[in-house]
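**Student:**
Protein chains: 2
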Amino acid sequence: MTRIPKNHPRYKSLMTREKISLAMKKGLVHETGLIAHGRGEAFDYLIGEKTQPFAEMAEKIAAALLLYAKNPVISLNGNVVALSAKECISLSNAVPAKLEVNLFHRTNERVKKIIDNLKSIGAKEVYGFNANAYIPGLNHDRGLCEKDSIYSADTVLVPLEDGDRCQALRNMGKIVITIDLNPLSRTSKTANVTIVDNVIRAIPTIEKWIKVLKRNDKSELNSLIDTWDNEKMLKEVLCFISRRLQDL
Amino acid sequence: MTRIPKNHPRYKSLMTREKISLAMKKGLVHETGLIAHGRGEAFDYLIGEKTQPFAEMAEKIAAALLLYAKNPVISLNGNVVALSAKECISLSNAVPAKLEVNLFHRTNERVKKIIDNLKSIGAKEVYGFNANAYIPGLNHDRGLCEKDSIYSADTVLVPLEDGDRCQALRNMGKIVITIDLNPLSRTSKTANVTIVDNVIRAIPTIEKWIKVLKRNDKSELNSLIDTWDNEKMLKEVLCFISRRLQDL
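Heads up: the protein sequence lines correspond to chains W and F, in order.
Note that the first sequence ends on residue 363 in the working numbering; no numbers are left out.
Note that the second sequence ends on residue 363 in the working numbering; no numbers are left out.
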């Protein structure tokens, strides 16, 4: 990782790539996670690699939803942990929300490695290993979760999530917030709130809004949440990228 | 690889992902090749996952340039071999053009593995292992090539190439044809001809045009080549994607 010079025009992006690559070598990230990261890179480039107003607003709404929830849970996978483990722990303390590891390519070994990694940097409790419930409609491994965490959650933040899982969580009646750089993905279209932003920028921005909105009472949070139109925002993202491509 | 059902809406894309992933496990593809593949996937999605007219035209011009050349060479890296090894061998026979393995993250072991793989499926001669020349302006490993192949080539087809290498080859006075799904990349902007298409579709389409244009004499090829405006085509691609995003 020392071979990338700090003045390289793509330094940030290259370092992020190294992080994901290293996490794969450590067994935290599945190899298809690297391909998914590449797709994210392309879309991040198209939105200008910064938090655009449509994302900032979604992050504010996400904060309101997490504060409004009775049982909020943050779902973590290999890529999320590789890129923003500390930030997720900090957000879970700020809300407060539970943390649960949920993997698309699940192995107990990988779940354990991820949980150990999170605990080594300060997480107190992380759900996911003692999976004792199923999300209905998903096949065996992908549906596994913990009864006291995701299964009974009313609101879940599922960054970098698969479309099927996102839909299955919605079918359970949960409020689903996702972080997905691809405004066209099934996940983006299925979630109640889609944050079209890099997870690295999104998690700290949600936490920033948690601190601001913590003073508000439930009815104020509710009024804010009521203003959200996810479909309209996704159209705005496509218009934004479309205009940007013409100007580049 | 048997776990993906043929009727899955993303079957082709998932199978391609499996191919790249398997090639990494075999040591043919570097892990950052998986991230690069993901970026490609995103841009392929944006152009509709098919050969658009701007790509078809670039593939025709590429065929004309390869036929016009005195020493054409096709440069191969891990991703290209993982996705279209047979097609590249077939194209090299049709032109005819030399094949040379050139890696961004070069190790002799990986070069050898790729060459062995190509020979096992029918390639007769593959350059790249006995690298005895340097492309000026690139650091040690990335600049290595063979004197009798890329170093002395007048025209090179470098699919999925790095921006620096593309520029360095142009600085040597060579005609550079690239295949790159990202119309905004430095490689795309630097090459003489940029084929904005998936390498899987592009290589056979170039070969199709080789067969058509083989009957033409050099002056006819030259007239065709003269019509090409790479910058104009790249603008057309951006307009195409931009319009498509509005319609999606």
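Virtual Cβ for every residue (Gly too), placed ideally from N, Cα, C.
Note that the structure is predicted; figures quoted are calculated from it, not measured.
If you drop the 5 nearest sequence neighbours on each side, which residues of the same chain put their C-beta closer than 7 Å to that of F:His152?
**Tutor:** These residues qualify, in order along the chain: Ile135, Asn194.
**Student:** Using the Cβ count rule (16 or more neighbours within 10 Å means buried), how would you classify F:Met116?
**Tutor:** Below a pLDDT of 50, predicted positions are generally treated as unreliable, and F:Met116, at 44, falls in that range; the measurement from the model is reported next regardless. Exposed, because fewer than 16 other Cβ atoms sit within 10 Å of the Cβ of F:Met116.
**Student:** Once you ignore the five residues that flank F:Ala184 on each side, which residues in its own chain have a CB closer than 6 Å to its CB?
**Tutor:** Closer than 6 Å at Cβ, skipping near neighbours: Asp269, Thr270.
**Student:** When you compare only the Cα positions, how much space is there between F:Leu349 and F:Ala246?
**Tutor:** C-alpha separation (whole angstroms): 34 Å.
**Student:** Within the continuous alpha helix (DSSP H) that includes W:Glu174, where are the two ends?
**Tutor:** Per DSSP, W:Glu174 belongs to the alpha helix (DSSP H) from 168 to 183.
**Student:** Suppose contacts are defined by Cβ-Cβ distances below 8 Å. Is F:Leu161 in contact with F:Ile315 by that definition?
**Tutor:** Contact flag unset, no.
**Student:** Can you list the residues of chain F that W:Thr147 reaches, using a CB-CB cut of under 7 Å?
**Tutor:** By Cβ distance, chain F contributes Arg132, Ser136.
**Student:** Is the Cβ of F:Gly163 closer than 8 Å to any Cβ of chain W?
**Tutor:** No, no contact with chain W.
**Student:** Compare the C-beta of F:Met116 with all C-beta atoms of chain W and state if any pair is closer than 8 Å.
**Tutor:** With a pLDDT of 44 at F:Met116, under the threshold of 50, the modelled position of this residue cannot be trusted; read the value that follows with caution. No, F:Met116 does not count as interfacial toward chain W.
**Student:** Name the residue from F:Ala138, F:Ala317, F:Leu296, F:Ala238 whose alpha carbon lies nearest to the alpha carbon of F:Met172.
**Tutor:** If we check each option's Cα against that of F:Met172, F:Ala317 comes out closest.
**Student:** Since I believe W:Glu215 is in contact with W:Val265 (beta carbons under 8 Å), could you give me their beta-carbon distance rounded to a whole number of angstroms?
**Tutor:** Residue identity check: residue 265 of chain W is Ile in the sequence provided, not Val. Rounded, the Cβ-Cβ distance is 5 Å, consistent with contact.
**Student:** Less than 8 Å between CB atoms is the rule here; does F:Leu349 satisfy it with respect to chain W?
**Tutor:** Not one chain W Cβ lies under 8 Å of F:Leu349.
**Student:** Does any CB atom of chain W fall closer than 8 Å to the CB of F:Ile150?
**Tutor:** Taking Cβ atoms only, chain W reaches closer than 8 Å to F:Ile150, which makes this a yes.
**Student:** Does the contact criterion of 3 or more C-beta pairs under 8 Å hold for the stretch 227 to 236 of chain W versus the stretch 254 to 261 of chain W?
**Tutor:** Because the criterion of three Cβ pairs below 8 Å is not met, the stretch 227 to 236 of chain W and the stretch 254 to 261 of chain W do not touch.
**Student:** Would W:Tyr242 pass as a contact of W:Lys213 if the rule is Cβ separation under 8 Å?
**Tutor:** In contact: W:Tyr242 and W:Lys213 (Cβ atoms closer than 8 Å).
**Student:** Does the beta carbon of W:Arg154 come closer than 8 Å to any beta carbon on chain F?
**Tutor:** By this cut-off, W:Arg154 is an interface position.
**Student:** At 9 Å on the CB atoms, spell out the chain F contacts of W:Ser357, in chain order.
**Tutor:** Correct list: Ile356, Ser357, Arg358, Arg359, Leu360, Gln361.
**Student:** So what does W:Leu191 bridge to, in DSSP terms?
**Tutor:** Paired residues: W:Val216.
**Student:** Taking the beta strand (DSSP E) that W:Val314 belongs to, which residues open and close that run?
**Tutor:** Unbroken run through W:Val314 is the alpha helix (DSSP H), 314 to 328; no beta strand (DSSP E).
**Student:** Flag W:Ala178 as yes if its beta-carbon sits less than 8 Å from any beta-carbon of chain A, otherwise no.
**Tutor:** Here the protein chains are W and F, and chain A is not one of them.
**Student:** Who are the near neighbours of W:Lys333 in its chain, counting only those whose CB is closer than 7 Å to its CB and skipping five residues on each side?
**Tutor:** Same-chain partners within the cutoff: Tyr183.
**Student:** Could you say which of F:Glu322, F:Leu218, F:Asn208 lies nearest to F:Glu240 if we only look at CA atoms?
**Tutor:** It is F:Asn208 whose Cα lies nearest to the Cα of F:Glu240.
**Student:** Restricting to runs no shorter than 3 residues, where is the beta strand (DSSP E) found entirely within the stretch 258 to 291 of chain F?
**Tutor:** Here the runs fully enclosed are 270 to 274.
**Student:** Going along chain W, which residues have a C-beta under 8 Å from F:Met172?
**Tutor:** Simply none; closest approach about 20 Å.
**Student:** Is W:Thr309 closer than 8 Å to W:Gly278 when the C-beta atoms are compared?
**Tutor:** No.
**Student:** Tell me whether the beta-carbon of F:Asp312 lies closer than 8 Å to the beta-carbon of F:Ala170.
**Tutor:** Cβ atoms of F:Asp312 and F:Ala170: closer than 8 Å.
**Student:** Give a yes or no on whether the minimum CB-CB distance between F:Phe169 and chain W is below 8 Å.
**Tutor:** Answer no: the Cβ-Cβ gap between F:Phe169 and chain W never drops below 8 Å.
**Student:** Using a Cβ-Cβ cutoff of 8 Å, what residues of the stretch 203 to 236 of chain F are near chain W? List them in chain order.
**Tutor:** Residues passing the 8 Å Cβ filter: none.
**Student:** Can a CB atom of chain W be found closer than 8 Å to the CB of F:Asn254?
**Tutor:** Output row for F:Asn254: interface = no.
**Student:** I want to see whether chain F comes within less than 8 Å of W:Ala157, judged by CB atoms only; does it?
**Tutor:** By this cut-off, W:Ala157 is an interface position.
**Student:** Is there a Cβ from chain F that is less than 8 Å from the Cβ of W:Ser191?
**Tutor:** The question names Ser, but residue 191 of chain W in the sequence shown is Leu. Taking Cβ atoms only, chain F never reaches closer than 8 Å to W:Leu191, which makes this a no.
**Student:** Could you check the C-alpha separation between W:Asn297 and W:Val210 for me, to the nearest Å?
**Tutor:** Each residue's alpha carbon lies about 26 Å from the other.
**Student:** Along the stretch 288 to 309 of chain W, where does the CB come closer than 8 Å to a CB of chain F? Name the residues.
**Tutor:** Correct list: Asn297, Leu299.
**Student:** Quick check on DSSP: helix, strand or coil for W:Ala138?
**Tutor:** Helix at W:Ala138.
**Student:** So is W:Leu353 in contact with chain F if we call contact Cβ pairs under 8 Å?
**Tutor:** Chain F, which has a Cβ nearer than 8 Å to the Cβ of W:Leu353, makes this yes.
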